[in-house]
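I have placed the structure first, in the form of structure tokens, so that the comments after it can refer back to it.
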Amino acid sequence: MTDAARPGEFVQSLERGLAVIRAFDAERPQLTLSEVARVTGLTRAAARRFLLTLVELGYVHTDGRLFSLRPRILDLGYAYLSSLSLPEVAQPHMEALVAQVHESCSVSVLDGDEVVYVARVPTKRIMTVGISVGTRFPAYATSMGRVLLAARPADWLDDYLATAQLRPLTRRTVTDAAKLRAILTKIAAQGYAIVDQELEEGLRSLAAPIHGDDGSVIAAVNVSAHASRGSFEAIRKELLPPLLAAAKRIEEDLGAGARR
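Going by this note's numbering, the first residue of the sequence shown is number 19, and it counts up by one from there.
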């Protein structure tokens, strides 16, 4: 959003402070002042002010040269998670599903053009990238992301497909907007998504929507399996029915909680 298009109440300094926090991730756990300035697009002087403020508030640690996030930063995410009933309600059903199919299970929500994991029950690790609550992936290449994208209004989806950068994450990743639209239309009709090694080679994933009381899709739940488990069709037949059943039970419990 350009400065001219922003509302008068927009606080740019807050935006910049959050950008400094987001500069740190799994690939960049420690950064110098110059690196923070480069990643955020801030001047060194501005980056220094924000970093030292975060140090004073206890969110960032520094040894004088390198900066890193402190555990207190988790308070910011926990405030959101603690306001949700979804992870708490979903957890026992996810655990039961994992015990049944012996594959990892996750629940995520859509944040812009990414999925954000809000609950997870792992088994053996099948991805090269570790996944935990708060992990983000591009929605277009994930089963949960496609379920969530398929549920968005037509005008929102039009804007997304017109602007999304559909990068090839593997040789199988769908990067054509028209093809992705057709896939999303099919997902909306059938009520589930299957992604075959588009996020990572060797990883297959199935996802189902989680509906709120008003019928809207509020989240997605998935199971992931290594391609060596069986053929694409065999994995679908084996994992899809228990996944759909788990999604239904989560929805029922969410509805029961809302009616209390």
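Cβ coordinates follow ideal geometry from the N, Cα and C atoms, glycine included. Only a predicted model underlies this, so the values are computations on that prediction, with no experimental measurement involved.
Residue environment, residue i, which counts as buried when at least 16 other CB atoms sit within 10 Å
i, result
"ALA276", "With a pLDDT of 48 at ALA276, under the threshold of 50, the modelled position of this residue cannot be trusted, and the question is left open."
"PHE68", "buried"
"ALA264", "buried"
"HIS120", "exposed"
"SER55", "Residue identity check: residue 55 is Ala in the sequence provided, not Ser. With 16 or more Cβ atoms within 10 Å of its Cβ, ALA55 is classed as buried."
"PHE28", "exposed"
"LEU36", "exposed"
"LEU94", "exposed"
"PRO259", "exposed"
"PRO89", "exposed"
"ALA203", "With the sequence shown as reference, residue 203 is identified as Thr, and Ala is not the correct amino acid for it. Label assigned to THR203: exposed."
"PRO110", "exposed"
"PRO227", "buried"
Where the beta strand (DSSP E) through residue i begins and ends
i, result
"ASP194", "No beta strand (DSSP E) contains ASP194, which DSSP labels as neither H nor E."
"ALA245", "It is not in any beta strand (DSSP E) - ALA245 carries neither H nor E in the DSSP assignment."
"ALA63", "First-last for ALA63: 62 to 75, but that is the alpha helix (DSSP H), not the beta strand (DSSP E)."
"SER103", "Where SER103 is concerned, there is no enclosing beta strand (DSSP E), given that its DSSP letter is neither H nor E."
"SER249", "Careful: SER249 lies outside any beta strand (DSSP E) and carries neither H nor E."
"THR80", "78 to 80"
"GLN183", "Counting along the chain, GLN183 falls outside any beta strand (DSSP E), and DSSP gives it neither H nor E."
"ALA226", "221 to 229"
"LEU217", "It is not in any beta strand (DSSP E) - LEU217 carries neither H nor E in the DSSP assignment."
Beta-carbon gap between residue i and residue j smaller than 7 Å
i, j, result
"ALA238", "SER126", "yes"
"ALA4", "LEU187", "No answer is possible for residue 4: the residues shown for the chain start at 19 and end at 278."
"VAL139", "VAL107", "no"
"LEU184", "ARG199", "no"
"PRO105", "VAL133", "no"
"VAL235", "LEU261", "no"
"ASP131", "ALA182", "yes"
"GLY220", "ALA243", "no"
"PHE42", "LEU87", "yes"
"LEU32", "PHE85", "no"
"GLU51", "ALA65", "In the sequence under discussion, the amino acid at residue 51 is Leu, which differs from the Glu named in the question. Yes, they are a contact pair."
The ligand ADP heavy atom lying under 6 Å from the CB of residue i
i, result
"ARG34", "In the structure shown, the ligand ADP is absent, as is every other ligand, since no ligand is present at all."
Run of the alpha helix (DSSP H) containing residue i, from where it starts to where it stops
i, result
"ALA37", "30 to 40"
"LEU87", "Unbroken run through LEU87 is the beta strand (DSSP E), 84 to 87; no alpha helix (DSSP H)."
"GLU45", "Counting along the chain, GLU45 falls outside any alpha helix (DSSP H), and DSSP gives it neither H nor E."
"ARG56", "51 to 58"
Any 3 or more C-beta pairs closer than 8 Å across the region 76 to 84 and the region 199 to 214
Cβ pair count under 8 Å is below three, so no.
Could you name each continuous alpha helix (DSSP H) segment of 4 residues or more that falls completely within the region 128 to 179, going from the start of the chain to the end?
161 to 168
Do the region 158 to 167 and the region 258 to 272 meet, that is, are 3 or more Cβ pairs less than 8 Å apart?
no
So does the region 214 to 229 actually touch the region 247 to 255, counting three or more Cβ pairs closer than 8 Å?
A contact is defined here as three or more CB-CB pairs under 8 Å, and the region 214 to 229 meets this definition with respect to the region 247 to 255.
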